[in-house]
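Only one structure is covered here, and it is reproduced in the block below.
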Amino acid sequence: MRIPARRTPGDILAGLGALVVLVALVGGVPFALLTLAGPPISPELLDLDILTSNVGTSTVVAIMVLLVWLAWLQLFVCVIVEVYGGIRRVGMPARVPLSGATQALANRLVSAVLLLFTAGAVAVPVAGLSAPPARPPMTAVAYAAPVVVEEATVYKAKKVYTVQPPHGRHHESLWEIAEKCLGDGRRYPEIFRLNQYKEQPDGARLRMADLIRPGWVLDMPDDAINVHIVPAGQPREKTLEEHPGPPERASEGEARSGESGHGETGATTTERPHPAERADRTDRTDRTDQADQADRTDQAEKADRAEKAEREKAERAEKAERAEKAERAKAAEAAEKAEKAEKAEEAEAAEKAAAVKEAAERAREDEQGQENRQAQGDARAEAAEAGRQAERAEADRQAERAEEERQAEPSPGLDLVDYLGGASLAAAGLLVALGARRRRQLWHRAFGHRLSRPRDDAALAEVALRLGADAPGARMLDTGLRLLGSALAAQNRVPPTVYAAHLSPRTLDLWIHPPSPDAPEPWEAQDGGQVWRLAAHEGRLLQEQTGGAPYPGLVSLGTDGGGRVLVDLEAAHGLINIRGPHTTAALAALAVELATNRWSDEMRVTLVGFGEELTSIAPERVRSVGSLSEVLPELEEGAAPRQEVLTGRVNGQARRAHYLLSAVAPTQEEARRLALLARRDTAGFVVTGEVPHATWTMEITEEGRARIPELGFEVTAQLLPRRHYQALLDLFGTAERHEGEAMPEPEPLEELHPPAVEIRLLGPIEVVGPEAMEEGRMELATELLVYLATHQGGVHPVVLGGVLWPRGVQALVRDATIARVARWLGEEHLRTDEAGRLRLGPEVRTDWTLFRELVRRSHGDESARAVLLEKALGLVRGPLLAGRPRGRYAWLAADELEYDVAAAVADAAHRLCEIRLAHGEADAAVAAVRAGLLLAADDEGLWRDLLRATHATGDQVRLRAVVEGLTRRSSSHPYGGGMAPETEALIDELLPSWRIHVVRESSA
83 MRIPARRTPG
93 DILAGLGALV
103 VLVALVGGVP
113 FALLTLAGPP
123 ISPELLDLDI
133 LTSNVGTSTV
143 VAIMVLLVWL
153 AWLQLFVCVI
163 VEVYGGIRRV
173 GMPARVPLSG
183 ATQALANRLV
193 SAVLLLFTAG
203 AVAVPVAGLS
213 APPARPPMTA
223 VAYAAPVVVE
233 EATVYKAKKV
243 YTVQPPHGRH
253 HESLWEIAEK
263 CLGDGRRYPE
273 IFRLNQYKEQ
283 PDGARLRMAD
293 LIRPGWVLDM
303 PDDAINVHIV
313 PAGQPREKTL
323 EEHPGPPERA
333 SEGEARSGES
343 GHGETGATTT
353 ERPHPAERAD
363 RTDRTDRTDQ
373 ADQADRTDQA
383 EKADRAEKAE
393 REKAERAEKA
403 ERAEKAERAK
413 AAEAAEKAEK
423 AEKAEEAEAA
433 EKAAAVKEAA
443 ERAREDEQGQ
453 ENRQAQGDAR
463 AEAAEAGRQA
473 ERAEADRQAE
483 RAEEERQAEP
493 SPGLDLVDYL
503 GGASLAAAGL
513 LVALGARRRR
523 QLWHRAFGHR
533 LSRPRDDAAL
543 AEVALRLGAD
553 APGARMLDTG
563 LRLLGSALAA
573 QNRVPPTVYA
583 AHLSPRTLDL
593 WIHPPSPDAP
603 EPWEAQDGGQ
613 VWRLAAHEGR
623 LLQEQTGGAP
633 YPGLVSLGTD
643 GGGRVLVDLE
653 AAHGLINIRG
663 PHTTAALAAL
673 AVELATNRWS
683 DEMRVTLVGF
693 GEELTSIAPE
703 RVRSVGSLSE
713 VLPELEEGAA
723 PRQEVLTGRV
733 NGQARRAHYL
743 LSAVAPTQEE
753 ARRLALLARR
763 DTAGFVVTGE
773 VPHATWTMEI
783 TEEGRARIPE
793 LGFEVTAQLL
803 PRRHYQALLD
813 LFGTAERHEG
823 EAMPEPEPLE
833 ELHPPAVEIR
843 LLGPIEVVGP
853 EAMEEGRMEL
863 ATELLVYLAT
873 HQGGVHPVVL
883 GGVLWPRGVQ
893 ALVRDATIAR
903 VARWLGEEHL
913 RTDEAGRLRL
923 GPEVRTDWTL
933 FRELVRRSHG
943 DESARAVLLE
953 KALGLVRGPL
963 LAGRPRGRYA
973 WLAADELEYD
983 VAAAVADAAH
993 RLCEIRLAHG
1003 EADAAVAAVR
1013 AGLLLAADDE
1023 GLWRDLLRAT
1033 HATGDQVRLR
1043 AVVEGLTRRS
1053 SSHPYGGGMA
1063 PETEALIDEL
1073 LPSWRIHVVR
1083 ESSA
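Quick note on the numbering used here: the sequence shown kicks off at 83 and runs consecutively.
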């Protein structure tokens, strides 16, 4: 048994000294000041002439006295705060502003004094005892026994807390656990740090402080109360089995005792007797004292063995009791859940019955007041409709609750962000490829339908791509390499071998061989010419380059602390052997980036034994075969030396690059043929299995690290696991669906009066109404309002935090942001409902809501249809949410807003164009279409409307200008793809000579 150490004389002297110093500072200083210097504000300072007259010695002394009084007041406040914190045990005392050193001094003095009084309090009851307790009777044999010192077994234990299931819609958080167990919610980071990245019973890990799950077992600090105490090495699964329910709440006295006991050790894991030994602690102490005064005998040995047997029996009994309690708790919990479900069903049935009954009563009352049977039939219909509305409302509420609970759980897309968002260059290329698919998808969009949008993992994958895509970095890599190739070609130089590159926010570095100090501008030679460097601020200003791509084989290996590391697969001049437990995931990541990067021209990526589905992402670049024997003859026939290939690439005589990625281990003969081929061909060969002739070895470890010992690289590997691979395939599969989805009907808007706050989405983002917020906070506040305005059913703060900070945020930051926006907007415009969801008030409206209402009303009013559609299109000022910051609004990828807005605006412009053309108003039709093109510029249906409307004006010059503009736009579109066949056919009909002019312009 461990006995807490007593206070040393030094501790007592230090406490007495601190007490004397505190009394002197708190009481002596003001007494001395009053006696020697007078009150804080002397008569000299009360004279207003001091502001205009010369300052004398007395005035300076008065100011100095006032400063000393203020310093004493600051110290006095710090002492009060520290004494309050120590007596009430509130955890971390409150911080006194501008009092860092002063509060630290007060903390030390008060702590020493409190320690002195704690030691004194322990001695008081000991002194009050009348006599020591009588010793138990002992036999003579016991006194004759030799000395035996029994050391109780000491177990290392720790405190844990089991996260409980939600009660209704309430989920536990780290703040609440810290408040309940540590006395201060602000101490939740201590719990987070103790448990970060530790595996929980369900296999998940704590990554974000906001996301904890029921059934997790959290390690707690030493001074925690209302917790379970378990052996330090006990697995979390066993702890969850033994302690599934909440711990019994400690009384105030126990809490103080626990805090005092732990304060002695100050360690994260304390040593204490096993719980099974607590009941007989006093008896063992007495027996130990007796054994110190006697010799060992057979009777003592038997007593020892009997005691151990009793202890083991007590342990088994305690375990059985815990198991029985756990079973009872589980049974009670199951019964409680069943009872709650039954009550919920009964309440739901009662609510529906009440709604139907109420509607029926209203119907009967109406029946009595009517004079004909037709009115009675109407009343009964109203009752039935009311019943159906009540059922629908209840169903909607249940769906909202289910969706809220689903979204409030830790997001399953978090690791999608980690992997897909981390592959920044691949993400940029994938988004361009996806944009090209979506542009072709628009060619087939039918009126009244929107594009098919991704869902589930596919939608989360697009969110991750938008979050992580480094489009500026990919562009700098592309333009910088092409400029380098053009400059070397102009100097008749052969491009050097680039075996690796490092892309960071500040620079693009190329590691070259052989070293050369003569780097063409704007590149600079570093490290004796071994590194050619392009500064990021210069690289981002480079114009698009038309030269060839000299290094298409550069592909991301992974990331280090400073940026992204790429290797050139061609630079190995031999085979690259890839091995490790994540080989297929690494090969898939290499294939996806090679297939979609922009720093290459013509390329063929051959996948062996995997990736047949990847051909759908880039069919012009990727092919898949089953074995190496299918592709080896073709590769051997087309081999070419490296110097010839590099020179041809920069001189405009490029040969198609070829890269082979094999998940199938080669046979001995295939490995030999590949090794010979790799030495004489400019291609890249990455092969799995044991390859004795490999030049480089790429090792992917279990922890996700990538090593190439020959280059001295070790980075965090870029991987594409199976789930992420499938999510990408589903995302691109959605972009291949041309049938589209029907547009949902909007909810009617009762009044069209100007709102108090208007959020404008149909163009540059604007919030009209409140005064401008400080510039650094406006972007986040605007995104918060846009999300709430487009989700009128309300959003839980946890869900909103995941949307605005997809990589995680502390609850304090999230709540402070919401509170700040509420103060800025007005609490009547941003409020929390009974379910804890955030909602915008009725006086907040978006221009998108008004647009939909105007279009809806135009459907039922033929006489005012043109006027209403014109008003609706007048709200369009540019692309949706134009000017939004890069990296924000990634949630749009998983939302309906983008798809609905683009389709609705294009349909409204098309309908107004047809109305104007039917009335012979060609110029008005042109204006309607151009209003729609401000937002839906990629909808070629609108471009065809513009061609027809312009042709109807009879002005051939205007028509030719439209055709030329459309031609230039399609040829220079970032997603490529040209024009839709229907568009070209219409131009052939309206302006047959257009192709001649296009050929002349391209020739010029």
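Ideal Cβ positions, reconstructed from N, Cα and C, are used throughout, including at glycine.
Specify, as a first and last residue, the run of the beta strand (DSSP E) that residue i falls within.
i       : result
Thr-641 : 636-641
Pro-313 : 310-313
Ile-790 : 787-790
Ala-583 : 579-585
Trp-593 : 589-595
Which same chain residues end up closer than 7 Å to residue i when comparing Cβ atoms and leaving out the 5 residues on each side of it in sequence?
i        : result
Glu-261  : Gly-267
Asp-1020 : Arg-521 and Leu-524
Leu-843  : Val-868, Thr-928, Asp-929, Trp-930, Leu-962 and Leu-963
Pro-554  : Arg-622
Leu-502  : Ala-509, Ala-543, Ala-546, Leu-547, Gly-550 and His-806
Pro-329  : Asn-308, Val-309 and His-310
Ser-1075 : none
Which residues share a DSSP beta bridge with residue i?
i       : result
Trp-778 : Ile-658
Leu-107 : Answer by DSSP bridge pairing: none, since Leu-107 is not bridged.
Met-685 : Ala-739
Ile-841 : Val-849 and Thr-928
Ala-605 : Rather than Ala, the amino acid found at residue 605 in this sequence is Trp. BP columns for Trp-605 are empty, so no partner.
Ser-744 : Val-690 and Val-769
His-531 : Ala-824
Glu-281 : Arg-287
Val-649 : Ala-582 and Val-637
Met-855 : In the DSSP output, where bridge partners are listed per residue, Met-855 has none listed.
Val-958 : Paired residues: none, contrary to the question.
Val-613 : Trp-593 and Gln-608
With the cut-off set at 9 Å, would you say residue i and residue j are in Cβ contact?
i        : j       : result
Leu-639  : Phe-795 : yes
Ala-757  : Gly-884 : no
Leu-507  : Leu-585 : yes
Glu-935  : Pro-830 : yes
Ala-946  : Ala-984 : no
Val-687  : Ala-677 : yes
Gly-1014 : Ala-990 : yes
Ala-582  : Asp-650 : yes
Pro-748  : Val-713 : no
Met-300  : Ile-273 : Contrary to the premise, residue 300 reads as Leu rather than Met in this sequence. Against a cut-off of 9 Å, the Cβ pair of Ile-273 and Leu-300 comes out as a contact.
Ala-948  : Leu-999 : no
Leu-922  : His-911 : yes
Ala-667  : Arg-804 : yes
Val-707  : Val-690 : yes
State the start and end residues of the unbroken alpha helix (DSSP H) segment that holds residue i.
i       : result
Phe-274 : 270-277
Tyr-971 : First-last for Tyr-971: undefined, no H or E at that position.
Gly-562 : 553-572
Ile-259 : 256-263
Cys-674 : First, the residue type needs correcting, since residue 674 is Val and not Cys in the sequence shown. Counting along the chain, the alpha helix (DSSP H) containing Val-674 begins and ends at 665-678.
Asp-812 : 804-816
Ala-990 : 979-1000
His-619 : 618-621
Considering only residues of the same chain and omitting the five flanking positions on each side of residue i, which have a CB-CB separation below 6 Å?
i        : result
Ala-1067 : none
Arg-939  : Leu-950
Arg-615  : Thr-589, Asp-591, Glu-606 and Gln-608
Within the same chain, show all residues whose beta-carbon is closer than 8 Å to that of residue i, passing over the 5 residues directly before and after it, in chain order.
i        : result
Gly-99   : Ala-194
Leu-866  : Leu-882, Leu-886, Thr-899, Ile-900 and Val-903
Gly-1060 : Ser-1052 and Ser-1053
Just list the beta strand (DSSP E) runs in the region 700-724, keeping only unbroken ones of 3 residues or longer that don't cross its boundaries, in chain order.
-> Considered as a whole, the region 700-724 harbours 704-707 as its complete beta strand (DSSP E) runs of no fewer than 3 residues, in chain order.
Any chance you could list the beta strand (DSSP E) runs of at least 3 consecutive residues sitting entirely within the region 885-936, in chain order?
-> As far as the region 885-936 is concerned, its whole beta strand (DSSP E) runs of at least 3 residues are 912-914, 920-922 and 926-928.
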